[in-house]
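Protein chains in written order, with the working numbering: chain A, 86 to 434; chain B, 86 to 434. Where a beta carbon is used, it is the ideal one built from N, C-alpha and C, also for glycine. Quantities reported herein were computed from a predicted structural model and do not represent experimental measurements. Here the structure comes first, spelled out in structure tokens, and everything after it is commentary.
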């Protein structure tokens, strides 16, 4: 791919993937561009929040770390208010579906529900490790009691690292491309010579039009590793990865860990749940990941890249089960399709 | 610590740590500020290098990834040329000590040798994970055949993540503070209203004046994990971490992995070498880390934070042995002092 092609307008590219019949115009021209802009704005806010670096150290800036979550939430909420087609929203910080009050009205009949995690990776942001934001769009006025496989149509991951990148996964029925997963990157900042303030960089470049996951892998990401102390099957799995000389990558942030897999084109991520994982066998056995804000969006991303995302408890697809409540949690096993099948066998043996 | 104190000039703070007798004026007023500025400049260059994101994927931008290394090297080389007191330099990209040609002359009698790794973490930069730069300053015209414990006086780690931060470790004899390890963070960008170009953010804030490592830890970072397939002692160590419910964090980049430890105030990092580790037992057994560009600078950082950094082969301090050649490699075991002693016992048992 030439440099010129790579920097073609990302939105122009999305237009070619989505239905051309006008039924998704608000999605293409308002919702997705605004969410991408909010990622750019959160990235800039994080760069300027230098005090978060001290969180967790002796000079406790614990509140500052919390402030970063709040800043990200506020930026995204302000963005949502600009999108009349997002009629309902909830976030990991405020996990209740609420109707959105808009600054503008729209003649569009499109109605979407947004579920988002404004800043995923709070345990690693103090060390200045890459963190992320997670967005998922559902058709209609609620994400609850819906079929995730057909009603959750878009996931966007914002990746805040040395660069600002975004993964966009789309599975919109009636599209010329049934499903796709692509990567965008924010280009150079552009300043406005007539303004004293630096303008936010807004140019997204299409850097990878098709991210795919190979069926098998040589990378593994074992989450909640402490659980292996109580779960012989998980310990067996780990030993098997090591003896088969897999390469370990585990940031401990869901977004960077899944994005590593997508960019490498291979990988397997395991966040298991102890049988009867209700926490009765200690903190490590509690499921950690939120179904609405983490599992469903990430599962769509992985499936759109040709991989599989399943519940490690029984091997069923994450997207096979409706979300009944914003607070639901679960485990996650995802990655290349063959790899996932094998790991399920090991974990359930 | 108040916000006002936290944003006190970082250089003003360094001035209070270093000798006040004029013998380190060039170090304080020229060398360290210029190296910090080069970190800011590399950070900006990385943010604008959006194409690196595609490296490692099907649409191969492999050359672009290499370009990022070259861009960082060039920025730092240009900085060095501004510092008459840096008389010799070598880098991981060009591992030969060479006299520096300067743009300016100096009346200072101070002479330093700089060893640097312009961009550490090439395997994870395509995934937009945090990467780093490593700088170490040695007294005199060479880093070779010198006592690292006394002649290597400053290490600086540039951390390129959601923010831009830097770890500065100093152990300069005759200083009011014998050794210290601190964290800086780059503050908000400042634009020049009379210019059409965005000016580089240059304001470093002191965010953590004293980073310390607790003697014991609950975090572990196991590098070169595949080696455990051949080394029962390493496998025993891993099993021990898991059963004692340590938390895994392993980015696979030396800078982010050590910085995580420093910011959390605890941790243990293990990059072992197989007994007789000459590569004859396969790729995994070869020592990976460069002594001059990685091990010595990181060991100074860890020691200045009160931790220990030893050779996993025999448990001797990394800084106890001179660097004879720019290409030397080795393993690394570092972290809290008690933790390191215990791990040595396990690895050598």
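Residues of the stretch 322 to 352 of chain A with Cβ closer than 9 Å to any Cβ of chain B, in chain order: Within the stretch 322 to 352 of chain A, the residues whose Cβ lies closer than 9 Å to some Cβ of chain B are 323, 324, 326, 327, 328, 329, 330, 331, 332, 333, 334, 335, 336, 337, 341, 344, 345, 346, 347, 348, 349 and 350, listed in chain order.
Drop a sphere of 10 angstroms on the beta-carbon of residue 247 (chain A), count the other beta-carbons inside from all chains shown, and report buried for 16 or more, exposed for fewer. For the purposes of this step, residue 247 (chain A) is taken as residue 162 along the first chain, with counting starting at 1. Classification for residue 247 (chain A): buried.
Rounded separation between residue 219 (chain A) and residue 270 (chain A) - CA only: Walking along the first chain from the start, residue 219 (chain A) turns up at place 134. Walking along the first chain from the start, residue 270 (chain A) turns up at place 185. About 16 Å.
Per DSSP, which one or two residues make a beta bridge with residue 290 (chain B)? Here residue 290 (chain B) is taken as the residue at index 205 of the second chain, counted from 1. B:94 and B:270.
Would you report the Cα separation of residue 310 (chain B) and residue 123 (chain A), rounded to the nearest angstrom? On the second chain, position 225 is the one that residue 310 (chain B) refers to. On the first chain, position 38 is the one that residue 123 (chain A) refers to. If I take the Cα positions, the gap works out to 38 Å.
Would you tell me roughly how many angstroms separate the C-alpha atoms of residue 129 (chain A) and residue 314 (chain B), rounded to the nearest one? Your numbering for residue 129 (chain A) matches position 44 in the first chain. Your numbering for residue 314 (chain B) matches position 229 in the second chain. One C-alpha to the other measures close to 43 Å.
Residue 300 (chain A): which of A:392, A:405, A:127 and A:195 sits nearest, CA to CA? The residue given as residue 300 (chain A) occupies position 215 in the first chain. For residue 300 (chain A), the nearest C-alpha among the options comes from A:392.
Going by DSSP, what residues sit across from residue 243 (chain A) in a beta bridge? Counting from 1 along the first chain, the entry for residue 243 (chain A) is found at position 158. For residue 243 (chain A), which the question treats as bridged, DSSP gives the partners A:218 and A:251.
When the cut-off is 8 Å and only beta carbons count, does residue 212 (chain A) lie next to chain B? Numbered from 1 along the first chain, position 127 holds the residue referred to as residue 212 (chain A). With 8 Å as the cut-off, residue 212 (chain A) counts as an interface residue toward chain B.
With distances taken between CB atoms, is the gap from residue 376 (chain A) to residue 415 (chain A) smaller than 8 Å? Start at 1 with the first residue of the first chain, and residue 376 (chain A) comes out as number 291. Start at 1 with the first residue of the first chain, and residue 415 (chain A) comes out as number 330. Yes, the pair counts as a contact, with Cβ atoms nearer than the cut-off.
Whole-angstrom C-beta distance between residue 336 (chain B) and residue 77 (chain B), which should lie under 8 Å: Outside the shown range of chain B (86 to 434) lies residue 77 (chain B), about which nothing can therefore be said.
Could you list which residues in chain B have their beta carbon closer than 7 Å to that of residue 375 (chain A), in chain order? Translated into positions along the first chain, residue 375 (chain A) becomes position 290. In chain order: nothing, as chain B lies at least about 20 Å away.
Taking only beta-carbon positions, decide if residue 363 (chain B) is within less than 8 Å of chain A. Start at 1 with the first residue of the second chain, and residue 363 (chain B) comes out as number 278. Since pLDDT at residue 363 (chain B) reaches only 49, below the 50 mark, its modelled position is unreliable, and the value read off the structure follows with that caveat. No, residue 363 (chain B) lies away from the interface with chain A (no Cβ there is under 8 Å from its Cβ).
Starting from the C-beta of residue 390 (chain A), find all residues in its chain whose C-beta is less than 7 Å away, skip the five residues before and the five after it, and write them out in chain order. Locating residue 390 (chain A) in the first chain gives position 305, counting from the first residue. Cβ within range, chain order: 266, 296, 297, 298 and 347.
Hey, does residue 431 (chain A) have any beta-carbon neighbour from chain B nearer than 8 Å? Walking along the first chain from the start, residue 431 (chain A) turns up at place 346. Residue-level contact by beta carbon fails for residue 431 (chain A) and chain B, as no gap is shorter than 8 Å.
Outcome for residue 329 (chain A) when other beta-carbon atoms lying within 10 angstroms are tallied against a minimum of 16: The sequence position of residue 329 (chain A) within the first chain is 244, counting from 1. Sixteen is the threshold: since fewer than 16 other Cβ atoms of the shown chains lie within 10 Å of the Cβ of residue 329 (chain A), the residue is exposed.
Going by the CB atoms, is the gap between residue 217 (chain B) and residue 340 (chain B) shorter than 8 Å? In the second chain, the residue the question calls residue 340 (chain B) occupies position 255. In the second chain, the residue the question calls residue 217 (chain B) occupies position 132. One thing to note: residue 340 (chain B) has its Cβ within 8 Å of the Cβ of residue 217 (chain B).
By Cβ distance, which residues of its chain are closer than 6 Å to residue 352 (chain A), with the 5 residues on each side in sequence left out? Position 267 of the first chain, counted from the start, is the residue given in the question as residue 352 (chain A). Only residues of its own chain outside the window of five on either side were considered, and among them 302, 304, 346 and 420 have a CB closer than 6 Å to the CB of residue 352 (chain A), listed in chain order.
Give me the residue from B:191, B:385 and B:320 with the minimum Cα distance to residue 358 (chain B). One-based indexing of the second chain puts residue 358 (chain B) at position 273. The shortest C-alpha separation from residue 358 (chain B) is found at B:320.
Collapsed DSSP secondary structure at residue 196 (chain B) in the structure displayed: The residue given as residue 196 (chain B) occupies position 111 in the second chain. Reduced to three states, the DSSP call for residue 196 (chain B) is coil.
Run through the stretch 327 to 362 of chain A for me and flag every whole alpha helix (DSSP H) of 4 or more residues, listed as ranges in chain order. Listed in chain order, the alpha helix (DSSP H) elements of length 4 or more contained wholly in the stretch 327 to 362 of chain A are 339 to 349.
Which residues in chain B have a C-beta closer than 7 Å to the C-beta of residue 314 (chain A)? List them in chain order. Position 229 of the first chain holds residue 314 (chain A). Neighbourhood of residue 314 (chain A) in chain B, by CB distance below 7 Å: 327, 328 and 330, in chain order.
Run of the alpha helix (DSSP H) containing residue 126 (chain B), from where it starts to where it stops: As a working mapping, residue 126 (chain B) is identified with position 41 in the second chain. For residue 126 (chain B), the enclosing alpha helix (DSSP H) begins and ends at 117 to 133.
Throw me the rounded Cβ distance for the residue 199 (chain A) and residue 222 (chain A) pair, which I believe falls under 8 Å. Locating residue 199 (chain A) in the first chain gives position 114, counting from the first residue. Locating residue 222 (chain A) in the first chain gives position 137, counting from the first residue. The Cβ separation is near 6 Å, so the contact holds.
On the criterion of 16 or more Cβ atoms from any shown chain inside 10 Å, does residue 401 (chain B) qualify as buried, or is it exposed? For this step, residue 401 (chain B) is matched to residue 316 along the second chain. Exposed, by the Cβ-count rule.
Consider the Cβ of residue 247 (chain A): report whether some Cβ of chain B lies at a distance smaller than 8 Å. Translated into positions along the first chain, residue 247 (chain A) becomes position 162. The beta-carbon of residue 247 (chain A) is placed less than 8 Å from the nearest beta-carbon of chain B.
If the cut-off is 8 Å on Cβ atoms, which residues from the stretch 117 to 133 of chain A count as contacting chain B, listed in chain order? So the close ones are 128, 131, 132 and 133.
Identify each residue in the stretch 291 to 318 of chain A for which the Cβ-Cβ distance to at least one residue of chain B is less than 8 Å, and report them in chain order. Across the stretch 291 to 318 of chain A, CB contacts with chain B closer than 8 Å involve 292, 293, 294, 295, 296, 297, 307, 310, 311, 313 and 314, in sequence order along the chain.
Cα-Cα, which of A:384, A:334 and A:131 is closest to residue 418 (chain A)? Position 333 of the first chain holds residue 418 (chain A). Of the candidates A:384, A:334 and A:131, the one whose C-alpha sits nearest the C-alpha of residue 418 (chain A) is A:384.
Return the residues of the stretch 216 to 235 of chain A that lie within a Cβ-Cβ distance of less than 9 Å from chain B, sorted by chain order. Cβ contacts with chain B come from 216.
List the residues of chain B whose Cβ lies closer than 9 Å to the Cβ of residue 428 (chain A), in chain order. One-based indexing of the first chain puts residue 428 (chain A) at position 343. Per Cβ cutoff of 9 Å: no residues; residue 428 (chain A) is ~17 Å from chain B at best.
Please state if the CB of residue 168 (chain A) and the CB of residue 230 (chain A) are separated by a distance shorter than 8 Å. Taking the first residue of the first chain as position 1, residue 230 (chain A) is located at position 145. Taking the first residue of the first chain as position 1, residue 168 (chain A) is located at position 83. No, they are not a contact pair.
Count the CB pairs spanning the stretch 153 to 164 of chain B and the stretch 107 to 116 of chain B that are closer than 8 Å, and state whether there are at least three. No: the two stretches stay apart, fewer than three of their Cβ pairs being nearer than 8 Å.
For residue 389 (chain B), three-class secondary structure by DSSP: As a first step, residue 389 (chain B) is located in the second chain; it is residue number 304 there, counting from the start. DSSP places residue 389 (chain B) in helix when its eight states are reduced to three.
CA-CA distance, residue 185 (chain A) and residue 249 (chain A)? Mapped onto the first chain, residue 185 (chain A) falls at position 100. Mapped onto the first chain, residue 249 (chain A) falls at position 164. Each residue's alpha carbon lies about 27 Å from the other.
Can residue 254 (chain A) and residue 239 (chain A) be called in contact, C-beta distance under 8 Å? In the first chain, counting from the first residue as 1, residue 254 (chain A) sits at position 169. In the first chain, counting from the first residue as 1, residue 239 (chain A) sits at position 154. A contact, by the Cβ cut-off of 8 Å.
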